[in-house]
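For the sequence shown, full-length UniProt numbering gives the first residue as 1, with consecutive numbering after it.
Where is the CB? At the ideal position from N, CA and C, for every residue including glycine.
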Amino acid sequence: MTITPHTIREALALPPGGDPARRLPKDVLAEHGAAHAADRKLIDKAIERLDWWATLSPTTIGVAAAADDDRPVPAIQLLALTARAEPTQRLLTIIHRAIPVPIILLTALPGGAGTRVSFAPLRRAERIGDKMVVERLVVAPDCTDAAEPATAAFIASLAVPALPRLNLRLLYDGLVERAEALEIARLTGQPFRLVDDPAARREALARYREAEAAWLAARAAAKREKALAKQIALGAEVRQLRSQVDEILQQLED
């Protein structure tokens with residue numbers, strides 16, 4: 001069964017009721033999320049529609065707001081994006097940046113190919129106190145097959161009543177942790193699982209991405225190189241970087 005944004009919404013197990021869903025105009029994204037004309041063109045080209053589905057707040061789910069000076073979370077918004085074209089990381093960042101509170105963005109991929117779930121913790125801008133900026137974009141691997149074990153476990157872990165409930169920031173962090181856990185499960189082939197120290201695993205995941213990018217760049221350079229001596233040197237570098245990638249991957253499996 002193909003996973004849709006509605007599948008994820010049901011998995012969140014939000015309280016019944018609430019305001020009806022409503023469509024958000026693209027002008028909102030262009031005004032608050034687009035940095036230049038290319039962003040506005042991307043919004044027009046890639047977005048079929050964007051809908052607001054729900055607000056997670058102290059009133060709606062009974063979890064206190066987070067009043068942190070740098071990273072306040074008064075509410076979390078649930079939005080559904082219908083993508084007309086492949087939703088790039090740039091497009092997802094624009095959407096997350098346009099809303100002044102953290103959002104859970106459920107993107108229906110073109111052609112009914114599944115759903116992409118993304119998150120973006122926010123912090124106050126250093127020079128503009130009332131402006132929130134994206135601290136980092138976290139995109140879970142695409143959810144396409146509900147029967148795939150790691151995907152099924154990820155979806156089952158999203159129920160809001162089972163997430164950290166001390167405050168909304170910790171609840172949102174719990175969702176981010178689950179997205180990262182799904183990525184690691186896909187990378188390692190291991191079962192989906194949460195860990196006691198998600199920050200350490202996040203750091204290892206960042207090192208893996210950096211090492212993999214360096215390995216891919218070195219491998220591409222080696223394929224382009226014509227001089228034999230440089231090919232040999234680059235080949236040695238490729239092997240060394242591959243060893244680093246495998247070492248970090250082993251750490252992620254533990």
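Going by beta carbon distance, what residues of the same chain come within less than 6 Å of R71, once the five residues before and after it are set aside?
Counting only Cβ-Cβ distances below 6 Å, and skipping sequence neighbours, we find R123.
Please classify residue 278 as buried or exposed, where buried requires at least 16 other C-beta atoms within 10 Å of its C-beta.
Nothing in the structure corresponds to residue 278, since the chain is present only between 1 and 254.
T4 by DSSP, collapsed to three states: which one?
The three-state reading of DSSP puts T4 in coil, since its state is none of H, G, I, E or B.
When the Cα of G114 is compared with those of T93, R97, A83, which residue comes out closest?
Of all alpha-carbon atoms in T93, R97, A83, the one lying nearest the alpha-carbon of G114 is that of A83.
Beta-carbon proximity of V138 to F119, cut-off 8 Å
Between V138 and F119, the gap from beta carbon to beta carbon is short of 8 Å.
Alpha carbon to alpha carbon, what distance is there between T59 and A65?
Approximately 10 Å, taken between the alpha carbons.
Just to confirm, does T93 get its C-beta within under 7 Å of one of the non-hydrogen atoms of the ligand HEM?
Inclusion of the ligand HEM in the displayed structure is not the case, the ligand content being empty and no account of it being possible.
Check A54 in the structure and name its three-state DSSP category.
Strand at A54.
So, is H36 buried or exposed, given that buried needs 16 or more other C-beta atoms within 10 angstroms?
It is exposed - the Cβ of H36 has fewer than 16 other Cβ atoms within 10 Å.
Give me the DSSP bridge partner(s) of I76.
Per DSSP, L56.
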